[in-house]
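Visitor: Residue numbers (this note's numbering), protein chains in the order written: chain C, 65 to 373; chain B, 65 to 373.
Protein chains: 2
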Amino acid sequence: MSENSQTVTVIGAGTIGIAWSALFAVNQHSVRLFDVRKGFESDTIAPLRRMIGQLTDEVDVALGRISFHGSLEVALEGATVVQENGPENPGFKQNIFAEVEAIADKDALLISSTSGIPPANIGEKMQNPARVLIGHPLNPPHLMPLVEVCGTESVDEALIDRVNAFYQSNARVPVRLHKPVAGFVVNRLQMAMLREAIHLVGEGVVDIDGIDKVVLNSVGVRLASIGPMLACHFGGGAGGIREMVEKIVGSLFAAMDLPPVDSRTLDLLEAQAAKHYPLDRLGEFAAVRDRRQAAALDVQHKNPLPQMA
Amino acid sequence: MSENSQTVTVIGAGTIGIAWSALFAVNQHSVRLFDVRKGFESDTIAPLRRMIGQLTDEVDVALGRISFHGSLEVALEGATVVQENGPENPGFKQNIFAEVEAIADKDALLISSTSGIPPANIGEKMQNPARVLIGHPLNPPHLMPLVEVCGTESVDEALIDRVNAFYQSNARVPVRLHKPVAGFVVNRLQMAMLREAIHLVGEGVVDIDGIDKVVLNSVGVRLASIGPMLACHFGGGAGGIREMVEKIVGSLFAAMDLPPVDSRTLDLLEAQAAKHYPLDRLGEFAAVRDRRQAAALDVQHKNPLPQMA
C-alpha cells in the first residue's frame, strides 16, 4: 500500500474535521467526511473552500476529492485511515470506535484527534483497544505542522510508523509521545505558561496586553526559532544545559516555588543535549537561531496588530 | 533635554554591557563604557564590532561614539543615563549604585539590567533608593526588543516615562511592570514552561528534541504571532477568554494539579480582554495572526537547523 493517495474517513465536520479534510484533500488523499447532522454538506462547503484556499490555488481540484456521508458504514468504505473528531466525551468516543472497529478494514489506522482522553479509555468497548491511535493537532491542523502521536501501552510500533508516514504525506511534523499524558505535551507547555501569565495579571504585575507585548518581543520570537530545551542549553554557555540548570534555572525555580530538578533528570537532560545539540557544534545552531529571530521580528513589523485603547 | 543623543554610561563590559553599548551607539547616543578589568578595551573591540555589524553597515561611525574607561568618575562625566550590568550580586550592586549616586548628575537615570534583584534591595546604601530603576532585557539586548521596566514602590512616574522614552529612542519595546517580582515577567513565563518541559522529559514522555520539535511546530509560531493572552481569548470563540478559562483551561489546570483561576482574576481577564481585544474586532487580529504564522513557518523552512543524531 502506498502512503500517498489513501482513502481517509474523517469523522465529524466541526472546525477540526473540516481543517483535516482540507489538508488531506490538498495532499492527494480521497476524503470521506462523515457527520450525523442532516444536510451538513451545505454549510461545510464554504469553510472547506476557505481552508483549502489557504493551502492551494486549485480549490476545485482538492474539493473534488472530498465526499460527504451521513452513514458511517458508507463513509468507511475503502478507508485505510480514519481520523475521528467528535466531542471530547469518553462515552461518545468509546461508542464510535467500537462501531468503526466493527465496520472498517482490519488494517485501517484508527486515529482520534482527542486533546485529552487517553487511548486506552477510548478503546474500552473495542475487541482490540490497542488499535486506538492518537493524532493530536494544534488548531488549526491545516496550518499548524505539529501532530502529537501516541497509542496505548501495548501499541504495535508498526502502526505508529504508518501514522507518522501518513502525517508526513500531509506535510505535517509528527512527534511520538512515549506515553499519553493529560493534555499531551503541547497543551501542558501552553498551560504552564498561561497559568503563570494569569497569576501575574491577577497579582497586578502587568495587564494582559503587557503579557502579550513581553512575549511577542522576546520569548515568542525565541521559541519560533529554537525550542525551550535548546534555549536552555544555550543559556549555560560552555557548560550547556547542566550549568544553566545548576546556576540559573534552579534559583529561579526556587524563587517561584517550583520543584527543583532532581539529579537523575539533570543527567538525562545533559545526555540528551549531548546527543542532539553537541556543545562543539552549538555555533551552527546559534547562526540559524540568529537568522530566524531577525526574520521573525521582521514578520511582526511587516504585519502590525490592530492598535486598541 | 532631548531624548536623542544622550550620554550613556554603561557599567560592565560583559556580554550584556557590550550589547547595550553597541545598541546605544548605533542609535546615536554617546557611550562611556566602564569596567574595572585592566585593558578591557582590547578584547572588547571585536565583539563590539560584531554586534554593531548586526545592526548597521556603518560600524566605524558607531564605534566612534564609544569610549572606554577604567575610572568610574571619568566614565560618569556628562552622563544622563547609566545602565549597570555588573554581577548578579546584591552587595556589588548596592555598592556601585551608592558610588554612582555620589558622582553622577542628580537628574541622571540610574538603571540596572538585573534579572532578579529588587530595586529597593539595590538601593539600600543610597541616599535616595527611589532613584533605582530596572531595565531588564532578554539576551541579547541589541537584538531582542523587550525591556522590562520598573522601579521601587515609591518611584517617580516621570522617571519611568524618561526610561521608556530612552529605550524607545533605541528601537526597544519597554513594558512597564507595576511591581517587581522575582525573575520579572519574561523569565517567570519561560521558567514555567521550562519546568513543565523538564518534568515531561524526566517522566520519559518525550526527549528534549521532541519538546523542541513540538514547540517549533506549534506554540512557538503562535507566540511569535500573538501573545498567550490573546491566544487564550481566541480559544474561547464567541465567549472569549472567560469561556476558554471556564470550559477548557480549568480542566487542563486541574489535570496538571495547577491552582484554579479565581473569579476575581477571571473578571479582570475578561475586562482587560474587552479593552485590548474587543470580541467584535477579533477578525482583524485573526487575519494578522494568520499572516504572521504562515510567514514565521516560512522563516523556519528557509533556515533549517543542523540535523544531528
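Backbone N, C-alpha and C fix where the C-beta goes; we use that ideal spot for every residue, glycine too.
1. Which residues bound the alpha helix (DSSP H) around R114/C?
2. In whole angstroms, what is the alpha-carbon distance linking A235/C and G180/C?
3. List, in order along the chain, the chain B residues whose C-beta lies closer than 7 Å to that of A256/C?
4. By the 10 Å Cβ neighbour count, where 16 or more other Cβ atoms means buried, how is S66/B classified, buried or exposed?
5. How many whole angstroms separate the CB atoms of A126/B and A89/B, which I take to be in contact at a CB cut-off of 8 Å?
6. Anything in the region 210-243 of chain B with a Cβ closer than 8 Å to a Cβ of chain C? List those residues in chain order, please.
7. Return helix, strand or coil for T120/C, following the three-state DSSP convention.
8. Please report how far the alpha carbon of E141/C lies from the alpha carbon of A168/C, in whole angstroms.
9. Using beta carbons (cut-off 7 Å, strictly below), is E67/C in contact with chain B?
10. What is the residue span of the beta strand (DSSP E) that P292/B lies within?
11. Are there three or more Cβ pairs, one per stretch, closer than 8 Å when the region 358-368 of chain C is compared with the region 356-369 of chain B?
12. What is the rounded straight-line gap between the Cα of N68/B and the Cα of P238/C?
13. Might you give, ordered along the chain, the residues of its own chain that have their beta carbon closer than 6 Å to the beta carbon of I12/C, omitting 5 neighbours on each side?
14. Would a check of beta-carbon distances place D271/C closer than 7 Å to chain B?
15. Is L202/C closer than 7 Å to G215/C when the C-beta atoms are compared?
16. Beta-carbon of M115/B versus every beta-carbon of chain C: anything under 7 Å?
17. Report the three-state DSSP secondary structure of D362/B (helix, strand or coil).
18. Count the other CB atoms, across all protein chains shown, that sit within 10 Å of the CB of V249/C; report buried if there are 16 or more and exposed otherwise.
19. Using a beta-carbon distance below 7 Å, is H365/B in contact with chain C?
20. Of the residues L343/B, D276/B, L330/B and A288/B, which one's Cα is nearest the Cα of A302/B?
21. Would you say A302/C reaches chain B, if we count a Cβ-Cβ gap shorter than 7 Å as a contact?
22. I'd like the span of the alpha helix (DSSP H) that includes Q254/C, first residue to last.
23. Does the Cβ of L294/B lie closer than 6 Å to at least one heavy atom of the ligand FAD?
24. Got a sec: is the Cβ-Cβ distance from E165/C to anything in chain B below 7 Å?
25. Excluding five sequence neighbours on each side, which residues of the same chain lie with their C-beta closer than 8 Å to the C-beta of V437/C?
26. For L264/C and chain B, any beta-carbon pair shorter than 7 Å?
27. Could you tell me which residues DSSP puts in a beta bridge with R240/C?
28. Can you tell me whether K277/C is buried or exposed, with buried defined as 16 or more other CB within 10 angstroms of its CB?
29. My output table needs one value for R96/B: the three-state DSSP class, helix, strand or coil.
30. Answer with buried or exposed for M208/B, where buried requires no fewer than 16 other C-beta atoms within 10 angstroms of its C-beta.
31. Which first and last residues belong to the alpha helix (DSSP H) in which T73/C is found?
32. Let me make sure I understand the geometry here. Which of F156/C, L346/C, A184/C and N192/C has the alpha-carbon closest to that of G300/C?
33. Per DSSP, P201/C is paired with what?
34. Does I82/B come within less than 7 Å of chain C when only Cβ atoms are used?
35. Measure the C-alpha to C-alpha separation of P368/C and S177/B and round it to an integer number of angstroms.
Guide: So, from the listed chains and residues:
1. Residue mapping note: residue 114/C aligns to position 50 of the first sequence, counting from 1. Note, R114/C: alpha helix (DSSP H), F104 to G117.
2. Locating residue 235/C in the first sequence gives position 171, counting from the first residue. Locating residue 180/C in the first sequence gives position 116, counting from the first residue. So the two alpha carbons sit approximately 24 Å from each other.
3. Within the first sequence, the letter at position 192 stands for residue 256/C. In chain order: A256, M257, R259 and E260.
4. Looking up residue 66/B in the second sequence gives position 2. Low local confidence applies: a pLDDT of 44 at S66/B is under 50, so the model's placement there is unreliable, with the coordinate-based value given in what follows. Counting Cβ neighbours within 10 Å, S66/B comes out exposed, since fewer than 16 surround it.
5. Locating residue 126/B in the second sequence gives position 62, where the first residue counts as 1. Locating residue 89/B in the second sequence gives position 25, where the first residue counts as 1. A126/B to A89/B, Cβ: 4 Å. Contact.
6. L210, E212, V237, V239, R240, L241, H242 and K243
7. By 1-based counting over the first sequence, the position of residue 120/C is 56. T120/C falls in the coil class under three-state DSSP.
8. To locate residue 141/C, count along the first sequence from 1; it is residue 77. To locate residue 168/C, count along the first sequence from 1; it is residue 104. Cα to Cα, the separation comes out at about 7 Å.
9. In the first sequence, residue 67/C corresponds to position 3, counting from 1. The predicted position of E67/C is uncertain, since its pLDDT is 48 and thus under 50; a value taken from the coordinates is nonetheless stated next. It does not; no Cβ of chain B falls within 7 Å.
10. The count along the second sequence starts at 1 and reaches residue 292/B at position 228. Unbroken run through P292/B is the alpha helix (DSSP H), P292 to G299; no beta strand (DSSP E).
11. yes
12. In the second sequence, residue 68/B corresponds to position 4, counting from 1. In the first sequence, residue 238/C corresponds to position 174, counting from 1. Approximately 50 Å, taken between the alpha carbons.
13. Limits of chain C in this structure are 65 at one end and 373 at the other, which puts residue 12/C out of reach.
14. Here residue 271/C is taken as the residue at index 207 of the first sequence, counted from 1. Yes, its Cβ sits closer than 7 Å to a Cβ of chain B.
15. The sequence position of residue 215/C within the first sequence is 151, counting from 1. The sequence position of residue 202/C within the first sequence is 138, counting from 1. Cβ distance not < 7 Å, so G215/C and L202/C don't count as in contact.
16. Translated into positions along the second sequence, residue 115/B becomes position 51. No, its Cβ sits nowhere closer than 7 Å to a Cβ of chain C.
17. For this step, residue 362/B is matched to residue 298 along the second sequence. The answer is helix: DSSP assigns D362/B an H, G or I state.
18. Counting from one through the first sequence, the residue named residue 249/C turns up at place 185. Buried is the call here.
19. Position 301 of the second sequence holds residue 365/B. With 7 Å as the cut-off, H365/B does not count as an interface residue toward chain C.
20. For this step, residue 302/B is matched to residue 238 along the second sequence. For A302/B, the nearest C-alpha among the options comes from L343/B.
21. Within the first sequence, residue 302/C is the residue found at index 238, counting from 1. With 7 Å as the cut-off, A302/C does not count as an interface residue toward chain B.
22. The residue labelled residue 254/C in the question sits at position 190 within the first sequence. Per DSSP, Q254/C belongs to the alpha helix (DSSP H) from F248 to G266.
23. Within the structure as shown, the ligand FAD is missing, as the structure has no ligands at all.
24. Within the first sequence, residue 165/C is the residue found at index 101, counting from 1. No - not a single Cβ of chain B is within 7 Å of the one on E165/C.
25. Missing from the structure shown is residue 437/C; chain C here goes from 65 to 373 and no further.
26. Position 200 of the first sequence holds residue 264/C. True, the Cβ-Cβ gap to chain B drops below 7 Å.
27. On the first sequence, residue 240/C is found 176 positions in, with the first residue counted as 1. Paired residues: V213/C.
28. Counting from 1 along the first sequence, the entry for residue 277/C is found at position 213. Flag for K277/C reads buried.
29. For the purposes of this step, residue 96/B is taken as the residue at position 32 of the second sequence. If DSSP states are grouped into helix, strand and coil, R96/B belongs with the strands.
30. By one-based count along the second sequence, residue 208/B stands at place 144. Burial call: buried.
31. Sequence index remark: in the first sequence, residue 73/C carries index 9 (1-based). No alpha helix (DSSP H) holds T73/C; the beta strand (DSSP E) holding it covers T71 to I75.
32. Taking the first residue of the first sequence as 1, we reach residue 300/C at position 236. G300/C has its Cα closest to that of L346/C, out of F156/C, L346/C, A184/C and N192/C.
33. Position 137 of the first sequence holds residue 201/C. Answer is V211/C.
34. Within the second sequence, the letter at position 18 stands for residue 82/B. Judged by the 7 Å Cβ criterion, I82/B is not in contact with chain C.
35. Along the first sequence, one-based indexing puts residue 368/C at 304. Along the second sequence, one-based indexing puts residue 177/B at 113. Going by the C-alpha atoms only, they are around 28 Å apart.
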